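Visitor:
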Amino acid sequence: MGKIIGVDLGTTNSCVAVIDGGDPLVLPNSEGARTTPSMVGFTDENEKFVGQQAKRQAMINPEETIYDIKRLIGHKYNSDQVRRYAETLPFTVVEATNGDAWVEVGGQSFSPQEISSLILRKMKQTAEDYFGEEITEAVITVPAYFNDAQRSATKDAGKIAGLTVRRIINEPTAAALAYGFEHTDDANLVVFDLGGGTFDISIVQLRGGVFEVASTAGDNHLGGEDFDRAVLDFLLARFEDETGIDVGEDNMALQRLKEAAENAKCELSTSSETNINLPFLAVDDSGPRHLSLDLSRSQLNDLVYELVERLDAPCNQAIEDAGIAKSDIDDILLVGGMTRMPLVQERVEEIFGRKPHKGVNPDEVVAKGAAIQSGILGGEVQEVILLDITPFSLGIRVTGDRFSPIISKNTPVPTLETKVFTTTEDNQDLVTVTVLQGEDEIASNNKLLGMFNLTNISPAPAGKPRIEVTFEIDTDGIVDVSAKDLTTDATQSITVEGHSGLSNEELQRAIKRSQESEMATA
Ligand code: AMP
4 MGKIIGVDLG
14 TTNSCVAVID
24 GGDPLVLPNS
34 EGARTTPSMV
44 GFTDENEKFV
54 GQQAKRQAMI
64 NPEETIYDIK
74 RLIGHKYNSD
84 QVRRYAETLP
94 FTVVEATNGD
104 AWVEVGGQSF
114 SPQEISSLIL
124 RKMKQTAEDY
134 FGEEITEAVI
144 TVPAYFNDAQ
154 RSATKDAGKI
164 AGLTVRRIIN
174 EPTAAALAYG
184 FEHTDDANLV
194 VFDLGGGTFD
204 ISIVQLRGGV
214 FEVASTAGDN
224 HLGGEDFDRA
234 VLDFLLARFE
244 DETGIDVGED
254 NMALQRLKEA
264 AENAKCELST
274 SSETNINLPF
284 LAVDDSGPRH
294 LSLDLSRSQL
304 NDLVYELVER
314 LDAPCNQAIE
324 DAGIAKSDID
334 DILLVGGMTR
344 MPLVQERVEE
354 IFGRKPHKGV
364 NPDEVVAKGA
374 AIQSGILGGE
384 VQEVILLDIT
394 PFSLGIRVTG
404 DRFSPIISKN
414 TPVPTLETKV
424 FTTTEDNQDL
434 VTVTVLQGED
444 EIASNNKLLG
454 MFNLTNISPA
464 PAGKPRIEVT
474 FEIDTDGIVD
484 VSAKDLTTDA
494 TQSITVEGHS
504 GLSNEELQRA
514 IKRSQESEMA
524 TA
């Protein structure tokens with residue numbers, strides 16, 4: 004059997020690892036770096052490049068450099084969150100015919116799946132260069148809080164890249180696997196993962212080689228980018244105060260400010276003060292105008308205070324859901340680049356009442372965990388039992404816009420649950436099954452995953468027919484739903500993944516496009 008790679012497909016950076024000689028090994032890319040910026044650059048000649056090279060061109064060609072695609076994958080365009088986010092991006096986000104958010108570069112539109120596939124292709128290539136053989140299989144990590152559409156879309160990205168995705172695993176679970184590989188003692192572990200785009204918190208219990216995720220919570224829209232944005236807004240306001248010029252619409256200036264904001268944020272993790280220097284940011288009648296200022300760590304902390312406060316609620320929720328006391332926690336594992344920020348570490352200590360564990364590299368631990376999962380699938384690593392859970396409740400809409408959960412959140416996966424429903428009108432021959440995800444008692448406040456009709460219900464008075472609805476979640480967290488009239492045995496079902504994301508035709512087209520460009524660059 005060929006090698007299976009473990010890929011951390013990150014919002015900001017990606018990392019690939021494999022099992023080599025029984026241990027997880029992070030592979031350096033062709034530029035010698037252990038992580039690769041999750042960025043794709045396009046040129047007017049329709050050339051594409053990924054990683055550091057794309058990051059370098061972002062400054063001079065921001066409209067044609069795609070970053071943070073993970074924040075768009077599996078999302079509909081038509082949501083306030085996506086539209087508001089798209090407005091902050093220098094590149095163009097458009098609504099695809101299926102309603103998804105896609106990006107447009109040089110008059111061509113690309114699904115986030117296709118952009119992500121280019122990043123995965125680079126990861127695949129990195130491993131192929133290392134082993135000197137073709138790699139066709141992967142384990143890919145996603146935030147625990149990724150919903151069904153986002154998971155399915157990530158799997159499609161793998162397919163487009165020429166990879167069979169053997170398993171999608173949750174990032175915190177992967178981190179716990181990597182930790183458990185080196186620590187064999189029983190423990191209650193907190194995995195606190197604050198990355199570029201998302202925040203995930205999981206409580207994992209390690210017991211005699213069994214990893215059980217007891218609870219998971221988070222915020223799909225809280226990450227390093229928001230911290231950068233807070234600094235960027237401050238820089239924009241400062242520049243306008245000093246010069247009267249608003250560069251908020253100037254993409255080139257914005258890109259430079261964004262990069263300066265991120266650099267300053269990172270530098271202030273180790274220094275107490277940094278200097279931001281952006282010559283020639285704008286020009287007015289008096290000539291070129293520059294931005295130069297000192298930023299201290301305490302100023303930064305003030306700017307991002309509200310973001311850091313948002314970390315509390317998911318942590319408390321996860322502890323409550325796990326049914327343990329804070330004093331029962333044995334270790335806190337920090338994952339994601341943002342956990343290098345001292346204010347974040349202080350907050351973690353405040354929330355949990357103990358210092359977090361040092362000694363794992365937050366940029367690599369997820370990819371190592373993915374490699375360990377690959378090793379388990381490939382038989383190179385001794386089987387450990389991994390019990391993951393679903394982070395959301397899943398159910399259907401019933402009369403009065405009420406939500407009837409069928410699988411409740413924090414249920415171990417894979418799982419299968421059924422519930423019996425009935426009709427509300429005499430001789431009703433059709434029911435619409437509306438599949439929802441969320442925790443709100445009001446159905447319409449939850450996320451719609453898909454809909455289908457069960458038809459030909461045998462005529463009967465209201466309340467008489469027995470309609471069995473079955474929900475199944477597989478090990479990748481992907482949901483199947485079916486409904487059956489128990490009188491006639493008529494059945495209808497959907498794999499929820501089929502109802503969002505790319506159609507089969509679009510997927511095949513993207514695979515073909517990927518193979519053609521592979522031949523062109525070979
Ligand atoms: P990840 O998605 O895990 O790759 O995390 C990337 C995020 O971590 C980005 O927002 C980075 O700016 C941020 N980051 C990386 N290094 C540091 C650092 N030393 N201090 C603060 N933030 C950092």
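My numbering puts the first residue of the sequence shown at 4, with every later residue one more than the last.
In this text, a Cβ means the ideal position worked out from N, Cα and C, and glycines have one as well.
Predicted model only: the values in this text are computed from it and were never measured.
Run through DSSP, which three-state label would ARG210 get?
Guide: As a first step, residue 210 is located in the sequence shown; it is residue number 207 there, counting from the start. If DSSP states are grouped into helix, strand and coil, ARG210 belongs with the strands.
Visitor: From THR494, PRO359, LEU314 and ASN16, pick the residue whose C-alpha is nearest to that of GLY221; which is it?
Guide: Your numbering for residue 221 matches position 218 in the sequence shown. Nearest option by C-alpha distance: LEU314.
Visitor: Taking only three categories from DSSP, how would you classify ASP203?
Guide: Within the sequence shown, the letter at position 200 stands for residue 203. DSSP places ASP203 in strand when its eight states are reduced to three.
Visitor: Ignore the nearest five residues each way along the sequence and tell me which others in ASP159's own chain have a CB closer than 7 Å to its CB.
Guide: Start at 1 with the first residue of the sequence shown, and residue 159 comes out as number 156. Hits under 7 Å: GLN116, GLY504, LEU505 and LEU510.
Visitor: Is the beta carbon of LEU306 less than 8 Å from the beta carbon of PHE237?
Guide: Taking the sequence shown and counting its residues from 1, the one referred to as residue 306 is at position 303. Taking the sequence shown and counting its residues from 1, the one referred to as residue 237 is at position 234. A contact, by the Cβ cut-off of 8 Å.
Visitor: Would you call ASP443 buried or exposed, if buried means 16 or more other Cβ atoms sit within 10 Å of its Cβ?
Guide: Position 440 of the sequence shown holds residue 443. That one is exposed.
Visitor: Taking a contact to mean a Cβ-Cβ separation below 8 Å, would you say LEU281 touches ALA263 in this structure?
Guide: Stepping through the sequence shown from its first residue, residue 281 is reached at position 278. Stepping through the sequence shown from its first residue, residue 263 is reached at position 260. Against a cut-off of 8 Å, the Cβ pair of ALA263 and LEU281 comes out as a contact.
Visitor: Closer than 7 Å to a non-hydrogen atom of ligand 1 - does that hold for the CB of ASP222?
Guide: To locate residue 222, count along the sequence shown from 1; it is residue 219. No, since every heavy atom of ligand 1 falls outside the 7 Å radius drawn around the Cβ of ASP222.
Visitor: Determine contact between the segment 177–192 and the segment 357–368, defined as no fewer than three beta-carbon pairs at a distance below 8 Å.
Guide: At 8 Å Cβ cutoff, the stretches touch.
Visitor: I'd like the span of the alpha helix (DSSP H) that includes MET126, first residue to last.
Guide: As a working mapping, residue 126 is identified with position 123 in the sequence shown. Taken as a continuous stretch (DSSP letters only), the alpha helix (DSSP H) holding MET126 covers 115–134.
Visitor: Which residue wins for smallest C-alpha separation from ILE143, given the options PHE202, ALA316, ILE375 and PRO317?
Guide: Position 140 of the sequence shown holds residue 143. Of the listed residues, the one whose Cα sits closest to ILE143 is ILE375.
Visitor: Based on the DSSP output, what are the partners of ARG292 in its beta bridges?
Guide: Taking the sequence shown and counting its residues from 1, the one referred to as residue 292 is at position 289. Answer is ALA285.
Visitor: Less than 8 Å separating the beta-carbons of PRO365 and ARG343?
Guide: For the purposes of this step, residue 365 is identified with residue 362 of the sequence shown, where counting begins at 1. For the purposes of this step, residue 343 is identified with residue 340 of the sequence shown, where counting begins at 1. Contact: yes.
Visitor: Measure the C-alpha to C-alpha separation of CYS18 and THR490 and round it to an integer number of angstroms.
Guide: The residue labelled residue 18 in the question sits at position 15 within the sequence shown. The residue labelled residue 490 in the question sits at position 487 within the sequence shown. Their Cα atoms are separated by approximately 53 Å.
Visitor: Tell me, to the nearest whole angstrom, how far the beta carbon of LYS487 is from that of THR494; I am working on the premise that it is less than 8 Å.
Guide: Here residue 487 is taken as the residue at index 484 of the sequence shown, counted from 1. Here residue 494 is taken as the residue at index 491 of the sequence shown, counted from 1. About 5 Å separates the two Cβ atoms, so the contact holds.
Visitor: Going by the DSSP bridge assignment, what does GLN495 pair with across the sheet?
Guide: Numbered from its first residue, the sequence shown carries residue 495 at position 492. ALA486.
Visitor: Could you tell me whether the Cβ atoms of THR426 and ILE460 are closer together than 8 Å?
Guide: Against the sequence shown, residue 426 aligns to sequence position 423. Against the sequence shown, residue 460 aligns to sequence position 457. For THR426 and ILE460, yes; Cβs fall inside 8 Å.
Visitor: Going by alpha carbons, who is nearest to ALA256 out of ARG292, GLY226 and LEU75?
Guide: Numbered from its first residue, the sequence shown carries residue 256 at position 253. Of ARG292, GLY226 and LEU75, the residue nearest in Cα terms is ARG292.
Visitor: Give the straight-line distance between the Cα atoms of ILE279 and GLU228, rounded to the nearest whole angstrom.
Guide: To locate residue 279, count along the sequence shown from 1; it is residue 276. To locate residue 228, count along the sequence shown from 1; it is residue 225. ILE279 and GLU228: Cα-Cα distance of roughly 18 Å.
Visitor: What is the C-beta distance between ILE514 and ILE138, in whole angstroms, given that I count them as a contact (C-beta under 8 Å)?
Guide: Position 511 of the sequence shown, counted from the first residue, corresponds to residue 514. Position 135 of the sequence shown, counted from the first residue, corresponds to residue 138. Going by Cβ atoms, the distance from ILE514 to ILE138 rounds to 17 Å, so no, they are not a contact pair.
Visitor: Between the alpha carbons of PRO40 and MET126, how many angstroms are there, rounded?
Guide: Your numbering for residue 40 matches position 37 in the sequence shown. Your numbering for residue 126 matches position 123 in the sequence shown. The alpha-carbon atoms of PRO40 and MET126 are separated by roughly 11 Å.
Visitor: Exposed or buried, which one is LYS6 when buried takes at least 16 other CB atoms within 10 Å?
Guide: Counting from 1 along the sequence shown, the entry for residue 6 is found at position 3. By the neighbour-count rule (16 or more Cβ atoms within 10 Å), LYS6 is buried.
Visitor: Spatial neighbours of THR219 within its chain, please: C-beta separation below 6 Å, excluding the five flanking residues on both sides.
Guide: Locating residue 219 in the sequence shown gives position 216, counting from the first residue. Correct list, in chain order: ALA147, SER205 and PRO394.
Visitor: Buried or exposed: LYS261, going by 16 or more other Cβ atoms within 10 Å of its Cβ?
Guide: For the purposes of this step, residue 261 is identified with residue 258 of the sequence shown, where counting begins at 1. Counting Cβ neighbours within 10 Å, LYS261 comes out buried, since at least 16 surround it.
Visitor: Determine the closest residue to LEU225 out of SER120, THR201 and VAL369, with distance taken between C-alpha atoms.
Guide: Start at 1 with the first residue of the sequence shown, and residue 225 comes out as number 222. Residue THR201 is the option with its Cα nearest to LEU225.
Visitor: What is the rounded straight-line gap between the Cα of PHE230 and the Cα of ALA465?
Guide: The residue labelled residue 230 in the question sits at position 227 within the sequence shown. The residue labelled residue 465 in the question sits at position 462 within the sequence shown. Computed Cα separation, rounded: 55 Å.
Visitor: Mind listing, in chain order, the continuous alpha helix (DSSP H) runs of no fewer than 4 residues lying wholly within the segment 160–201?
Guide: Those alpha helix (DSSP H) runs which fall completely within the segment 160–201 and span 4+ residues are 174–185.
Visitor: Applying the criterion that 16 or more other CB atoms from any shown protein chain within 10 Å of the CB defines a buried residue, is VAL423 buried or exposed?
Guide: Stepping through the sequence shown from its first residue, residue 423 is reached at position 420. Classification for VAL423: exposed.
Visitor: Span of the alpha helix (DSSP H) holding GLN320?
Guide: Against the sequence shown, residue 320 aligns to sequence position 317. 315–325 is the span of the alpha helix (DSSP H), which, as asked, contains GLN320.
Visitor: Please classify SER330: is it buried, with 16 or more other beta-carbons within 10 angstroms of its beta-carbon, or exposed?
Guide: Position 327 of the sequence shown, counted from the first residue, corresponds to residue 330. Under this definition SER330 is an exposed residue.
Visitor: LYS58 to THR68, Cα distance in whole Å?
Guide: Within the sequence shown, the letter at position 55 stands for residue 58. Within the sequence shown, the letter at position 65 stands for residue 68. C-alpha separation (whole angstroms): 8 Å.
Visitor: Whose beta carbon lies closer than 5 Å to any heavy atom of ligand 1, going through the chain in order?
Guide: Matched residues: GLY13, THR14, THR15, ASN16, GLY198, GLY199, GLY227, GLU265, CYS269, SER272, GLY339, GLY340, MET341, ARG343 and MET344.
Visitor: What runs of the alpha helix (DSSP H), each 4 residues or longer, lie entirely inside the segment 218–290?
Guide: Segments of the alpha helix (DSSP H) lying fully in the segment 218–290: 227–246 and 254–270.
Visitor: I need the DSSP call for GLU442, collapsed to helix, strand or coil.
Guide: Within the sequence shown, the letter at position 439 stands for residue 442. Residue state, collapsed to three classes: coil.
Visitor: In chain order, what residues of the same chain lie with their CB nearer than 6 Å to the CB of HIS502, ignoring the 5 residues before and after it?
Guide: As a position in the sequence shown, residue 502 is number 499, starting the count at 1. Any reading at HIS502 is ruled out, since the residue's pLDDT is 46, under 50, leaving its predicted position unreliable.
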